[in-house]
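*Asks:*
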């Protein structure tokens with residue numbers, strides 16, 4: 001039986017409705033975000049999270065901002081779009097989809113700035129709905145491309161949640177799993193719980209179990225042992241930003257999983273739509289890494305589990321170097337090394353100069369085993 | 001300022017008193033174990049934990065069993081020692097120190113079986129106190145040997161708790177840190193929180209902070225990133241059992257840390273007293289791994305953090321292959337590869353046959369970089 005994935009984000013009667021993911025898995029509850037501050041806080045506090053989902057929520061967030069105050073002239077309205085976009089982009093720094101979706105909204109406003117406020121509003125609403133609908137289709141395509149990598153009977157290890165809850169569709173990392181399952185093939189998932197906020201335990205385990213997919217929960221520090229026991233055939237994770245060279249920023253712990261996968265000869269795949277790629281940066285070194293509050297580590301789970309005033313290091317993301325990534329699964333197909341050439345070729349249809357590509361390629365090929 | 005480590009286990013006026021480690025770090029509370037069942041449950045429920053500490057607690061546990069019912073003849077008494085030892089040994093299967101300490105108690109009883117019950121009792125009490133006192137000295141020696149590996153200004157990453165709380169003295173993995181600090185040298189510790197039961201967050205962070213040592217808490221899945229940032233100079237962990245070939249069973253997650261350390265060129269040390277070595281087994285494959293209840297993963301932290309009836313894999317330990325262990329720190333000195341020869345030589349003064357050792361050595365040397 002195939003269960004439809006939950007709708008993480010809904011635009012209903014001019015209002016933004018989201019699943020409050022901080023309440024899962026014990027409670028499936030929805031909240032309305034009726035002010036732009038509500039949207040900002042929902043993103044900041046991870047009520048809505050996942051790179052594609054926060055892009056979608058932010059696009060609707062611009063509409064929410066305008067609904068309450070859109071100004072009397074087109075110029076004022078465009079100014080308010082800019083202001084709302086800047087504000088919403090500040091909620092989280094790492095995932096590029098947030099800035100990308102807001103930039104699309106800004107571009108529409110600026111393109112139409114000579115038109116009436118009503119026309120601009122209509123176009124903005126259309127754009128936000130399009131971003132949402134496009135993501136649904138991208139997820140489906142990612143799932144179809146990725147499913148080619150999953151043999152029947154395989155076990156996929158995943159980290160964090162890059163499923164339906166993180167997107168407008170069936171997810172990125174989990175999309176190939178959902179598609180494989182829907183086709184009646186056997187597929188199992190090992191879900192890292194993903195400390196500190198347990199997106200694996202709370203969200204991935206929840207949505208896979210709900211869909212009737214065989215899922216086993218482990219603590220993050222058990223991944224190495226599970227791999228050593230031969231219980232993992234491939235790893236698939238999502239991404240928050242991918243640089244031009246294939247370096248991948250994703251939930252903290254992803255880099256460690258990639259190192260472990262390599263040590264055990266297990267392929268490590270990253271699934272993400274085009275909007276997650278940031279070709280303006282050459283490598284992962286340029287990706288800003290969000291640092292979050294120590295309380296997430298010391299008392300994020302209901303009770304204090306560390307001494308008072310203990311020093312805590314709590315980066316929300318890490319960067320996995322391209323050499324550890326077997327392939328990137330996108331809606332446009334599967335991208336393999338040498339990434340500096342193939343990413344640009346697949347996403348933009350513009351390969352790098354032959355000479356440069358060749359010099360990078362041979363080095364890259366050596367690194368990827 | 002050097003703060004004396006807490007006494008995890010005390011024998012006071014014929015009663016066994018222990019710190020209830022499940023209450024740390026928010027509460028330092030002590031409990032008495034007045035029946036052998038109390039001792040068994042304290043070990044099973046990790047009120048007392050750490051390989052050396054459970055050995056010590058079990059030795060006193062034999063005295064607790066006899067205090068309530070020692071029989072009227074020496075034969076009966078010896079039978080009760082055997083029974084108590086078998087029972088207590090069943091509390092946890094992986095750490096060899098438990099069986100080792102109980103075997104020492106049994107050996108005393110059997111050696112003295114022709115003597116009066118009072119004499120046997122006196123000898124048993126003396127043996128338990130000796131096991132405790134010896135451990136204190138072993139920890140000190142491990143600390144002194146291990147301190148040679150720590151340069152001033154170094155940062156040590158550790159996993160789980162192999163500190164004072166886990167032993168009768170200043171710990172095993174943490175002993176070199178305590179000795180370095182006591183000598184006035186700068187040393188920092190990065191403590192993995194160690195899911196599912198958070199011994200790193202609850203215990204290691206607590207006892208290091210209490211001693212005035214600079215400690216930073218991380219989630220287990222952050223270790224790779226911290227290593228990549230160049231913030232870790234060496235790793236030291238404890239052990240629950242070490243096989244004749246140097247394979248190390250220790251808290252789940254240790255193996256992953258060892259793989260990561262190797263990938264980052266960071267030395268990986270294991271600190272343990274002789275009693276942790278089990279030369280009767282050739283490799284780690286023969287070490288039984290305790291599986292624990294899924295609730296530790298799904299609601300061990302105060303509230304439910306995973307869907308109901310989710311499948312969970314929860315091994316309490318893993319085995320780190322000898323090839324990933326840079327050296328073993330024992331009370332008898334630092335043991336380096338080739339372990340199959342050096343462990344036997346250092347612990348028993350009996351090297352393996354020249355031929356066999358040579359054949360193993362060259363292979364081993366290649367594997368350890």
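Protein chains in written order, with full-length UniProt numbering: chain A, 1 to 369; chain B, 1 to 369.
The beta carbon of each residue, even a glycine, is placed where N, CA and C say it ideally should be.
As the structure is a computational prediction, the values presented were derived from the model and not from experiment.
1. Starting from residue 250 (chain B), follow the beta strand (DSSP E) in both directions and report where the run begins and ends.
2. So, at 8 Å on beta carbons, what are the nonlocal neighbours of residue 104 (chain B) in its own chain, with the 5 sequence-adjacent residues on each side left out?
3. Using a Cβ cut-off of 7 Å, pull out every chain A residue sitting near residue 198 (chain B), in sequence order please.
4. Does the CB of residue 203 (chain A) have a neighbour CB from chain B at under 7 Å?
5. Just the chain B side, please: which residues come within less than 7 Å of residue 9 (chain A) by C-beta, in chain order?
6. Let's see if you can read the secondary structure: which residues bound the alpha helix (DSSP H) around residue 261 (chain A)?
7. Which one of B:34, B:168, B:125 has the shortest CA to CA distance from residue 50 (chain B)?
8. Please state whether DSSP places residue 149 (chain A) in a helix, a strand or coil.
9. For chain B, find out if any of its Cβ atoms is closer than 7 Å to the Cβ of residue 242 (chain A); answer yes or no.
10. Is it right to say residue 219 (chain A) is buried, meaning 16 or more other beta carbons lie within 10 angstroms of its own, or is it exposed?
11. Under the three-state reduction of DSSP, which class applies to residue 315 (chain B): helix, strand or coil?
12. Residues in the stretch 213-241 of chain B with C-beta within 8 Å of chain A's C-beta atoms, listed in sequence order?
13. Out of A:33, A:189, A:221, A:196, which one is the CA nearest neighbour of residue 215 (chain A)?
14. Taking Cβ positions only, does residue 158 (chain A) come closer than 7 Å to chain B?
15. Give a single yes or no on whether residue 56 (chain A) has its beta carbon closer than 6 Å to a heavy atom of the ligand FMN.
16. Do you know how far the Cα of residue 19 (chain B) is from the Cα of residue 32 (chain B)?
17. Which residue's Cα is closest to the Cα of residue 257 (chain A): B:265, B:285, B:281, B:221?
18. Look at the alpha carbon of residue 184 (chain A) and the alpha carbon of residue 4 (chain A), and state the distance between them as a whole number of angstroms.
19. Once DSSP output is grouped into helix, strand and coil, what is the label at residue 375 (chain A)?
20. Out of B:299, B:267, B:247, state which residue places its alpha-carbon closest to the alpha-carbon of residue 343 (chain B).
21. So what does DSSP say about residue 341 (chain A), is it helix, strand or coil?
22. Tell me whether the beta-carbon of residue 457 (chain A) lies closer than 7 Å to the beta-carbon of residue 212 (chain A).
23. Helix, strand or coil: which one does DSSP assign to residue 48 (chain B)?
24. CA-CA distance, residue 324 (chain B) and residue 267 (chain B)?
25. What number of angstroms, rounded off, separates the C-alpha of residue 64 (chain A) from the C-alpha of residue 12 (chain A)?
26. Run through the DSSP bridge pairs and tell me what residue 17 (chain B) is partnered with.
27. With a 10 Å radius around its C-beta and 16 neighbouring C-beta atoms as the bar for buried, classify residue 393 (chain A) as buried or exposed.
28. Is residue 241 (chain A) helix, strand or coil when you go by DSSP?
29. Is it buried or exposed for residue 309 (chain B), if we count other Cβ within 10 angstroms and need 16 for buried?
30. Comparing the C-beta of residue 25 (chain B) with each C-beta of chain E, is any distance below 7 Å?
31. So within the stretch 274-330 of chain A, which uninterrupted beta strand (DSSP E) runs reach at least 3 residues, ignoring any that extend past its ends?
32. Rounded to the nearest angstrom, what separates residue 96 (chain B) and residue 191 (chain B) at their Cα positions?
33. Going by DSSP in three states, residue 233 (chain A) sits in which element: helix, strand or coil?
34. Less than 7 Å between C-beta atoms, sequence neighbours within five positions excluded: which residues of the same chain meet that for residue 110 (chain A)?
35. Could you check the C-alpha separation between residue 68 (chain B) and residue 21 (chain B) for me, to the nearest Å?
36. In its own chain, which residues sit with a C-beta less than 6 Å from the C-beta of residue 273 (chain A), not counting the 5 before and 5 after it?
*Replies:* Taking the coordinates as given:
1. For the purposes of this step, residue 250 (chain B) is taken as the residue at position 250 of the second chain. Here the beta strand (DSSP E) through residue 250 (chain B) covers 248-251.
2. As a working mapping, residue 104 (chain B) is identified with position 104 in the second chain. Close CB contacts of residue 104 (chain B) within its chain, under the 8 Å cut and outside five residues either way in sequence, are with 59, 127, 131 (chain order).
3. Reading the second chain from its first residue, position 198 is the one you call residue 198 (chain B). Against chain A, a Cβ distance below 7 Å from residue 198 (chain B) picks out 305.
4. For this step, residue 203 (chain A) is matched to residue 203 along the first chain. Not closer than 7 Å to any Cβ of chain B, the Cβ of residue 203 (chain A) fails to qualify, so no.
5. Here residue 9 (chain A) refers to the residue found at position 9 of the first chain. Residues of chain B with a Cβ closer than 7 Å to the Cβ of residue 9 (chain A) do not exist; the shortest Cβ-Cβ separation is about 22 Å.
6. What you label residue 261 (chain A) is simply residue 261 of the first chain in a count that begins at 1. Note, residue 261 (chain A): alpha helix (DSSP H), 254-263.
7. Mapped onto the second chain, residue 50 (chain B) falls at position 50. Looking only at B:34, B:168, B:125, the smallest Cα-Cα distance to residue 50 (chain B) is reached by B:168.
8. Within the first chain, the letter at position 149 stands for residue 149 (chain A). Three-state result, residue 149 (chain A): coil.
9. For the purposes of this step, residue 242 (chain A) is identified with residue 242 of the first chain, where counting begins at 1. Answer no: the Cβ-Cβ gap between residue 242 (chain A) and chain B never drops below 7 Å.
10. Residue 219 (chain A) sits at position 219 when you count from the first residue of the first chain. With 16 or more neighbouring CB atoms inside 10 Å of its own CB, residue 219 (chain A) falls in the buried class.
11. In the second chain, residue 315 (chain B) corresponds to position 315, counting from 1. Residue 315 (chain B): strand per DSSP, three-state reduction.
12. Of all residues in the stretch 213-241 of chain B, 214, 215, 216, 217, 218, 219, 220, 221, 222, 223, 224, 225, 226, 228 have a Cβ within less than 8 Å of some Cβ in chain A.
13. Within the first chain, residue 215 (chain A) is the residue found at index 215, counting from 1. Per the Cα distances, A:189.
14. As a first step, residue 158 (chain A) is located in the first chain; it is residue number 158 there, counting from the start. False, the Cβ-Cβ gap to chain B never drops below 7 Å.
15. This structure lacks the ligand FMN, and indeed carries no ligand of any kind.
16. Along the second chain, read from residue 1 onward, the residue named residue 32 (chain B) stands at position 32. Along the second chain, read from residue 1 onward, the residue named residue 19 (chain B) stands at position 19. Rounded to the nearest angstrom, the two C-alpha atoms are 9 Å apart.
17. Walking along the first chain from the start, residue 257 (chain A) turns up at place 257. Of the listed residues, the one whose Cα sits closest to residue 257 (chain A) is B:221.
18. Sequence index remark: in the first chain, residue 184 (chain A) carries index 184 (1-based). Sequence index remark: in the first chain, residue 4 (chain A) carries index 4 (1-based). Rounded to the nearest angstrom, the two C-alpha atoms are 15 Å apart.
19. Any answer about residue 375 (chain A) is impossible in this case: the structure gives chain A only from 1 up to 369.
20. Residue 343 (chain B) sits at position 343 when you count from the first residue of the second chain. It is B:247.
21. Counted from its first residue, the first chain places residue 341 (chain A) at position 341. In the structure shown, residue 341 (chain A) sits in a helix (DSSP, three-state: H, G or I).
22. Absent from the model: residue 457 (chain A). The displayed extent of chain A is 1 to 369, so no value can be given.
23. Mapped onto the second chain, residue 48 (chain B) falls at position 48. Of the three classes helix, strand and coil, the one that applies to residue 48 (chain B) here is coil, per DSSP.
24. In the second chain, the residue the question calls residue 324 (chain B) occupies position 324. In the second chain, the residue the question calls residue 267 (chain B) occupies position 267. So the two alpha carbons sit approximately 9 Å from each other.
25. As a working mapping, residue 64 (chain A) is identified with position 64 in the first chain. As a working mapping, residue 12 (chain A) is identified with position 12 in the first chain. Using only the alpha carbons, I get a separation of about 12 Å.
26. Reading the second chain from its first residue, position 17 is the one you call residue 17 (chain B). B:10, B:32, per the DSSP bridge assignment.
27. Coverage of chain A is limited to positions 1 through 369, which leaves residue 393 (chain A) absent and any answer about it impossible.
28. Indexing the first chain from 1 puts residue 241 (chain A) at position 241. Strand at residue 241 (chain A).
29. The sequence position of residue 309 (chain B) within the second chain is 309, counting from 1. Exposed, by the Cβ-count rule.
30. The structure shown contains no chain E; its protein chains are A and B.
31. Those beta strand (DSSP E) runs which fall completely within the stretch 274-330 of chain A and span 3+ residues are 317-320, 327-330.
32. Position 96 of the second chain holds residue 96 (chain B). Position 191 of the second chain holds residue 191 (chain B). So the alpha carbons of these two residues sit roughly 25 Å apart.
33. Mapped onto the first chain, residue 233 (chain A) falls at position 233. Residue 233 (chain A): coil per DSSP, three-state reduction.
34. As a first step, residue 110 (chain A) is located in the first chain; it is residue number 110 there, counting from the start. If we look at residue 110 (chain A) and ignore the five residues flanking it on each side, its Cβ neighbours are 78.
35. Within the second chain, the letter at position 68 stands for residue 68 (chain B). Within the second chain, the letter at position 21 stands for residue 21 (chain B). Distance between the alpha carbons of residue 68 (chain B) and residue 21 (chain B) is about 25 Å.
36. The residue given as residue 273 (chain A) occupies position 273 in the first chain. Residues 138, 331 of the same chain have their beta carbon placed closer than 6 Å to that of residue 273 (chain A), with the five preceding and five following residues left out of the count.
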